[in-house]
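Novice: Under numbering that gives the first Met the number 0, the residue at position 185 of the sequence shown is numbered 184, and the numbers go up by one with no gaps. Quick reminder that beta carbons are idealized off the backbone N, C-alpha and C, glycines included. Since we're looking at a predicted model, the values are computed, not measured. Shown below is the structure under consideration.
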Amino acid sequence: MHELIKKLFNGQVLKKEELKAILEGYTPDIAKQLAQQASQIRKKWYGDAVYVRGLIEFTNYCKNDCYYCGIRKSNCHATRYRLRKEDILDCCDKGYEIGFRTFVLQGGEDSYWKDERLCEVISAIKCKYPQCAITLSVGERSKQSYQRLFDAGADRYLLRHETANEKHYSLLHPKNLDLEHRKQCLYALKEIGYQVGCGFMVGSPHQSVDTIAEDLCFLQEFQPHMVGIGPFIPHKDTPFAKEKAGTLEMTLYLLSIVRLLLPKVLLPATTALGTIHEKGREKGILAGANVMMPNLSPENVRKNYLLYDNKISTGEEAAENLKLLKAKMTSIGCMVAIHRGDSLLMK
Ligand code: SAM
């Protein structure tokens, strides 16, 4: 284990079996060592800065039926909503005033949001706030569509690969969705010029050290600008309602490993991490994460964008409480940065 940790600290590429051994060798002590080193690396590249993005959950309609997700199309208990262009712009106005310089538009795969409509929203935001970055997270689309959205002004795209193991992918998704296509989308986004984020849930049903090691190999191969990692949390109206949630410990361990494998990566401490533990997001930063995505969606729809049970929405993860978040970051030796927070790999 000592040799493997040395390799990890030296920034070497690790093989699947080596990554598996690091995962299997978890102890609280080793996790602490990795977190300390990951924090050092975060500081080396980002100093004390924690980047913030205003998250706008603009539609919870989805044509997909992912077994883990609360907004899957078969969930007839979900109260569906779709923000209008004006609502989204209102969110940006509010966000800009508070201090956000990146807006993340996230939603289910909603056919209403054809290229033309989405491009209109993107152009309107860019026209009003040319100095701000726009991140999209609206799932799988054609390369042509990704190109149009990019040409309209989108800068970044989040598309978690979910798992890099084909069999595991098929146990999390219905037959019409496949890993190959998801990966094709990721490569297309990168080719177009987006800053691209992939990622996966920690503790998803049927996940194993084998599949996680494959996820980490995929990260080394794909070299994303951003990596979204958060615990799986069951949702009561999904086929995985009775499954166990991912743990805080394993999520933090993985955040540290990802920071060490990809030193410059943009790595969010996710809302899901803040949901499984009151101090989850602070702990995430201390384990190597450097991004937070407070919720900028209108308050009346927040309770309807429920990917999993008990999602937090009133504390420092709410955009209007940026002051509180700033204070919390100061208390752990960090500072919320007021700028776009682009990937260092793009410079
Ligand atoms: N539709 C877009 C897509 O497919 O990328 C974006 C929205 S999707 C709901 C965003 C992410 O939420 C997914 O990539 C998934 O990893 C995460 N997610 C969904 N259900 C979850 C759950 N039960 N627990 C934790 N994360 C979940």
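Hey, could you find the ends of the beta strand (DSSP E) Arg155 is sitting in?
Specialist: Segment 155-157, the beta strand (DSSP E) holding Arg155.
Novice: Kindly provide the ranges of any beta strand (DSSP E) runs that are 3 or more residues long and lie completely inside the stretch 208-280, ordered along the chain.
Specialist: Runs of the beta strand (DSSP E) inside the stretch 208-280: 225-230.
Novice: Throw me the rounded Cβ distance for the Val49 and Val335 pair, which I believe falls under 8 Å.
Specialist: Their Cβ separation, rounded to whole angstroms, is 6 Å, which keeps Val49 and Val335 in contact under 8 Å.
Novice: Using the C-alpha atoms, what's the distance from Leu54 back to Lys6?
Specialist: Rounded to whole angstroms, Lys6 to Leu54 spans 36 Å at the Cα level.
Novice: Compute the distance between the beta-carbons of Lys72 and Asn63, then report whether it is under 8 Å.
Specialist: Yes; because the gap between Cβ atoms is below 8 Å, this pair is in contact.
Novice: At the level of alpha carbons, what is the spacing between Cys126 and Glu281?
Specialist: Cα-Cα distance, rounded: 34 Å.
Novice: What first and last residue would you give for the alpha helix (DSSP H) that runs through Thr101?
Specialist: Here Thr101 belongs to no alpha helix (DSSP H); instead the beta strand (DSSP E) covers 101-106.
Novice: Pick out whichever of Asp92, Leu148, Tyr80 has its Cα sitting closest to the Cα of Lys113.
Specialist: Selected option, being the one with the closest Cα: Leu148.
Novice: Figure out for me which residue from Thr269, Lys310, Asn299 has the closest Cα to the Cα of Met291.
Specialist: Cα-wise, what sits closest to Met291 is Thr269.
Novice: With a cut-off of 8 Å on the beta carbons, I'd call Leu218 and Val257 a contact; round off their distance for me.
Specialist: Going by Cβ atoms, the distance from Leu218 to Val257 rounds to 7 Å, so yes, they are a contact pair.
Novice: Which one or two residues does DSSP pair with Cys197 in a beta bridge?
Specialist: Val226, per the DSSP bridge assignment.
Novice: Which one of Tyr80, Gly24, Lys14 has the shortest CA to CA distance from Pro297?
Specialist: Cα-wise, what sits closest to Pro297 is Tyr80.
Novice: Looking only at C-alpha atoms, which of Cys131, Asp92, Ile87, Arg140 sits nearest to Glu108?
Specialist: Checked all of Cys131, Asp92, Ile87, Arg140; the closest Cα to Glu108 is Arg140.
Novice: Please state the DSSP three-state secondary structure of Val120.
Specialist: Three-state result, Val120: helix.
Novice: In this structure, does DSSP put Leu324 in helix, strand or coil?
Specialist: Three-state result, Leu324: helix.
Novice: Report buried or exposed for Arg181, applying the criterion of at least 16 other Cβ atoms within 10 angstroms of its Cβ.
Specialist: It is buried - the Cβ of Arg181 has at least 16 other Cβ atoms within 10 Å.
Novice: Contact check, Gly273 vs Gly279 under 8 Å by CB: the rounded distance?
Specialist: At roughly 5 Å, the Cβ-Cβ gap stays under 8 Å, so Gly273 and Gly279 are in contact.
Novice: Grab the span of the beta strand (DSSP E) containing Ala34 for me, first residue to last.
Specialist: Here Ala34 belongs to no beta strand (DSSP E); instead the alpha helix (DSSP H) covers 27-45.
Novice: Is Ala187 helix, strand or coil by DSSP?
Specialist: If DSSP states are grouped into helix, strand and coil, Ala187 belongs with the helices.
Novice: Starting from the Cα of Gln222, find the closest Cα among Glu161, Ser203, Gln194 and give me that residue.
Specialist: The option with the nearest alpha carbon to Gln222 is Gln194.
Novice: Under the DSSP definition of a beta bridge, which residues are partnered with Asn294?
Specialist: The partner list for Asn294 (beta bridge, DSSP) reads Leu54, Ala317.
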